[in-house]
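**Q** Convert by adding 2 to the 1-based position in the sequence shown; the result is the number in the working numbering. Dropping a structure here in structure tokens format, bear with me for questions.
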Amino acid sequence: MKKLLLGAVVLGFMSACNSDNMTNQNENPAKEDASSASMFKRGCASEEVRQEALKNNAELRQRFVKLEANTEKFANDLKMGKVLADGTIEIPVIVNVLYRTSAENISDAQIQSQINTLNADYSATNSDINKIPAEFASTAAGNIGVKFRLVTVNRKSTTVRSWRTNDAMKKTSTKGIDATDPTHYFNIWVVSDMGGILGYATFPESAGLWNDGVVIAAKYFGNTSSAPYDLGRTATHEVGHYLNLRHIWGDANCGNDLVTDTPTQTGANYGKPTYPLYNTCTGVQRSVMFMNYMDYVDDAAMFMFSSGQKTRMQSVVASTGARAGLRLY
Ligand code: ARG
Ligand code: ZN
Ligand code: CA
Numbered sequence: 003m004k005k006l007l008l009g010a011v012v013l014g015f016m017s018a019c020n021s022d023n024m025t026n027q028n029e030n031p032a033k034e035d036a037s038s039a040s041m042f043k044r045g046c047a048s049e050e051v052r053q054e055a056l057k058n059n060a061e062l063r064q065r066f067v068k069l070e071a072n073t074e075k076f077a078n079d080l081k082m083g084k085v086l087a088d089g090t091i092e093i094p095v096i097v098n099v100l101y102r103t104s105a106e107n108i109s110d111a112q113i114q115s116q117i118n119t120l121n122a123d124y125s126a127t128n129s130d131i132n133k134i135p136a137e138f139a140s141t142a143a144g145n146i147g148v149k150f151r152l153v154t155v156n157r158k159s160t161t162v163r164s165w166r167t168n169d170a171m172k173k174t175s176t177k178g179i180d181a182t183d184p185t186h187y188f189n190i191w192v193v194s195d196m197g198g199i200l201g202y203a204t205f206p207e208s209a210g211l212w213n214d215g216v217v218i219a220a221k222y223f224g225n226t227s228s229a230p231y232d233l234g235r236t237a238t239h240e241v242g243h244y245l246n247l248r249h250i251w252g253d254a255n256c257g258n259d260l261v262t263d264t265p266t267q268t269g270a271n272y273g274k275p276t277y278p279l280y281n282t283c284t285g286v287q288r289s290v291m292f293m294n295y296m297d298y299v300d301d302a303a304m305f306m307f308s309s310g311q312k313t314r315m316q317s318v319v320a321s322t323g324a325r326a327g328l329r330l331y
């Protein structure tokens, strides 16, 4: 209602202003045309009309200021390389390493190998992409349009042998490392061990909170010798959650992952299943997409996201999305 009223007011004002301009435009050529038709120059009143409207409408002025701020922000993002020319978003990454043994104090090379794997998997340039079964080729995501850039590595020695999924690693007061500006940076904590847990993530509703980010056990971070979780795909999976993907089985028997192009499946798959795999729920007999990063199969058995998953992730990093802050730093 408020919008309608405002629209009416602006329109009313504009037409008043327009009719003024119209009179001028009509009058001048009319007078001058009498002597010389070539004196006529075409005109556009948009900016003048706008200025008049702005002068008389505080809400419109506010909208104008916001619009220009957004435009400048986008231009700046482009300049900073945060939004690449092809629309790809570059996410700045902070890696926080909490180590007890020297093996847990993973090398810069191992950290970079994880960044490289994320970049390959999220751009569909992973070397095993050609393993996608023909049945799923048309629904494969292709390039997600999200890149990762390592900004800082923080290291801290600790006597803690084993961590739990209670976020202790994310606070100095509980022997961890505080997140670096989680609204604008993607924080990853690399810890010694979490029992059977390879990693865990916060979803986008936690964007910017103190505990926002992903935790991964050192021996599964990057290229490691921890087969069958040795290819850095624990991070690929956890970043999927960070960008709002659910497990492909919807965390329930025949559950819903809110993605229509991933077939419903009875539950998680493990190991290296052979295609086709029919643990379907109802309806047509078809293989499930166990090779999806959001299933629980071995690193070597997962190599794709679906288009529907891409849409969900893109909506999160869009300028209107929960993680739009990652575009600024
Ligand atoms: N959060 C899952 C877990 O801890 C990660 C599974 C990742 N899967 C993989 N193949 N790396 O089990
Ligand atoms: Zn998971
Ligand atoms: Ca689905």
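Even glycine gets a Cβ: it sits at the ideal position worked out from N, Cα and C.
#1: Touch check for the stretch 103 to 121 and the stretch 173 to 183: three-plus C-beta pairs under 8 Å?
#2: When burial is assigned at 16 or more other CB atoms within 10 Å of the CB, is Arg-314 buried or exposed?
#3: Nearer than 6 Å: is that true of the beta carbon of Thr-264 relative to any heavy atom of ligand 3?
#4: Could you work out which residue in Ser-317, Val-95 and Asp-297 is closest to Thr-154 when comparing CA atoms only?
#5: With a threshold of 16 other CB atoms inside 10 Å of the CB of Val-318, please say whether the residue is buried or exposed.
#6: Determine the closest residue to Thr-276 out of Val-290, Ser-228 and Thr-266, with distance taken between C-alpha atoms.
#7: What I want to know is whether the C-beta of Tyr-231 ends up closer than 6 Å to one or more non-hydrogen atoms of ligand 1.
#8: If you follow the alpha helix (DSSP H) that Lys-312 is in, where does it begin and where does it stop?
#9: Taking Asp-169 as the reference, give the member of Arg-157, Phe-42 and Asn-189 with the closest Cα.
#10: Which word fits Met-333, buried or exposed, when buried means at least 16 other C-beta atoms lie within 10 angstroms of its C-beta?
#11: Can you tell me where the beta strand (DSSP E) with Tyr-124 in it begins and where it stops?
#12: With ligand 1 as the reference, list in chain order each residue whose Cβ lies under 7 Å from any of its heavy atoms.
#13: When the Cβ atoms of the stretch 136 to 145 are set against those of the stretch 197 to 205, are three or more pairs found closer than 8 Å?
#14: What are the uninterrupted segments assigned as alpha helix (DSSP H) that are 4 or more residues long and contained completely in the stretch 179 to 213, given in chain order?
#15: Which residues bound the alpha helix (DSSP H) around Thr-236?
#16: Under a Cβ-count criterion, where at least 16 other Cβ atoms within 10 Å of its own Cβ denotes burial, should Leu-260 be classed as buried or exposed?
#17: Taking the Cβ atom as the reference point for each residue, do Ala-254 and Tyr-298 lie within a distance shorter than 7 Å?
#18: Once you ignore the five residues that flank Arg-163 on each side, which residues in its own chain have a CB closer than 8 Å to its CB?
**A** Quick answer:
#1: No, the stretch 103 to 121 is not in contact with the stretch 173 to 183.
#2: buried
#3: yes
#4: Val-95
#5: buried
#6: Val-290
#7: yes
#8: 309 to 319
#9: Asn-189
#10: With the chain running from 3 to 331 in the structure shown, residue 333 is simply not present.
#11: It is not in any beta strand (DSSP E) - Tyr-124 instead sits in the alpha helix (DSSP H) that spans 110 to 124.
#12: Those residues are Ile-199, Leu-200, Gly-201, Tyr-202, Tyr-222, Tyr-231, Arg-235, Thr-236, His-239, Glu-240, Tyr-298, Val-299, Asp-300, Asp-301 and Met-304, given in chain order.
#13: Inter-segment contact for the stretch 136 to 145 and the stretch 197 to 205 is absent: fewer than three beta-carbon pairs are separated by less than 8 Å.
#14: none
#15: 235 to 244
#16: exposed
#17: Taking 7 Å as the Cβ cut-off, Ala-254 and Tyr-298 do not qualify as a contacting pair.
#18: Arg-102, Ser-194 and Asp-195
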